[in-house]
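First residue of the sequence shown: -7, per our numbering; consecutive thereafter.
All C-beta atoms in this analysis are idealised placements derived from N, C-alpha and C, irrespective of residue type, glycine included.
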Amino acid sequence: MRKNIVAGNWKMNTTVSEGVKLATEVNEALNGVDAKCEVIICVPFTHLTSCKAVCGEKLHLGAENCADHTKGAYTGEVSASMVASTGADYVILGHSERRAYYGETVEMLAEKTKLALENNLKVIFCIGEVLEEREAGKQNEVVKAQLESVFSLSAEDFGKIVLAYEPVWAIGTGKTATDEQAEEIHAYIRSLIAEKYGDQVADDTTILYGGSCKPSNAKGLFAKPNVDGGLIGGASLDAESFMGIVTAF
Ligand code: PGA
-7 MRKNIVAGNW
3 KMNTTVSEGV
13 KLATEVNEAL
23 NGVDAKCEVI
33 ICVPFTHLTS
43 CKAVCGEKLH
53 LGAENCADHT
63 KGAYTGEVSA
73 SMVASTGADY
83 VILGHSERRA
93 YYGETVEMLA
103 EKTKLALENN
113 LKVIFCIGEV
123 LEEREAGKQN
133 EVVKAQLESV
143 FSLSAEDFGK
153 IVLAYEPVWA
163 IGTGKTATDE
173 QAEEIHAYIR
183 SLIAEKYGDQ
193 VADDTTILYG
203 GSCKPSNAKG
213 LFAKPNVDGG
223 LIGGASLDAE
233 SFMGIVTAF
């Protein structure tokens, strides 16, 4: 059975004290509800250890990236084993901002994924097309090519991957994919997984939607059979709106 998940992606926001306050608020709110999904906050590297200290049983922690090397002379990088040593259990990889601004390629992301899994981190792997690709009707082709980073994994390792479909044109723009657009491409992504790994693995894979998801549109999106939750940017920076999405299930 696949899991429903709501994951926050804080991006490059909050100081450590602001982040700890936010994590504390989310944790407390979560303790007061019967959430029908797993809840994760993905936070900046600098915040992992102090946020871990305020995450209770119900709140999972993740990083937003990790390095494509194990250790050594890579000034400024943070390895998967360093992330794991903070107590985090997830890492976001392949976010469109990393691909666009930091030149992350399919090959680099395959390496990052491998290292994350070797360090027992679960991966939230992001895919999604830009506006011109959507307008040219190329979204299926684009996500298929991006999936190559994770399609070389064994079925067992692929089972530790959560996919996040995030159309780049919907990220931080206030423009959400319609429920039908999300369902259509999520179903296509699941069919690709079925082709590669079989129906059971496809059925068990959690596929999140991301891009201007908020309390007002989460219910409609999450009601779709192939949308198993959300990766939330802007709306995860406020405990109340994040919880409004968590309780949309
Ligand atoms: P957004 O970001 O919710 O602010 O659109 C989503 C994401 O980039 O993960």
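Scanning Tyr94, Ser77, Lys216, Leu213 for the CA closest to the CA of glycine 54 turns up Ser77. As for any beta strand (DSSP E) of minimum length 3 sitting wholly inside the stretch 125 to 166, the runs are 153 to 157, ordered along the chain. Segment contact: the stretch 225 to 239 against the stretch 20 to 28, three or more CB-CB distances shorter than 8 Å; contact assigned. In the three-state reduction of the DSSP assignment, asparagine 111 falls in the coil class. The straight-line gap separating the alpha-carbon atoms of proline 159 and glycine 190 is approximately 26 Å. As a beta-bridge residue in DSSP terms, cysteine 118 pairs with Ala156. For asparagine 57, the Cβ stays outside the 6 Å cut-off from all heavy atoms of the ligand PGA. Its Cα nearest to that of valine 31, the residue Leu200 stands out among Leu200, Ser204, Gly212, Pro217. The beta carbon of threonine 168 lies closer than 7 Å to those of Ala162, Gly203, Ser204, Cys205, Asn209 in the same chain, with the five residues before and after it left out.
For histidine 178, the three-state secondary structure derived from DSSP is helix.
For aspartate 195, the number of other beta carbons within 10 angstroms of its own is below 16, and it is reported as exposed. Linking lysine 106 to alanine 80 through their CA atoms gives a straight-line distance of about 17 Å. With a threshold of 16 other beta carbon atoms within 10 Å, asparagine 112 falls short and is exposed. Residue pairing of cysteine 34 in beta bridges, as defined by DSSP: Asn1, Gly54. Between phenylalanine 117 and valine 98, the C-beta spacing is not below 7 Å.
With respect to the C-alpha of valine 75, the residue from Lys211, Gly226, Ser42 having the closest C-alpha is Ser42. Within a 10 Å sphere around the beta-carbon of valine 25 sit fewer than 16 other beta-carbons, which makes this residue exposed. Note that the C-beta distance between asparagine 1 and glycine 225 is below 7 Å. In this structure glycine 86 touches glutamine 138 by the C-beta definition: roughly 7 Å separates them, less than 8 Å. One Cα belongs to glutamate 148, the other to isoleucine 84, and the distance between them is close to 19 Å. Excluding residues up to 5 positions away in sequence, Asp196 lie with their Cβ nearer than 8 Å to the Cβ of methionine -7 in the same chain. The closest CA to that of valine 8, considering only Ala(-1), Asn(-4), Lys44, Val193, is found on Lys44. If you draw a straight line from the Cα of aspartate 171 to the Cα of glycine 212, it is about 6 Å long. In the three-state scheme derived from DSSP, where H, G and I count as helix and E and B as strand, glycine 48 is classed as coil.
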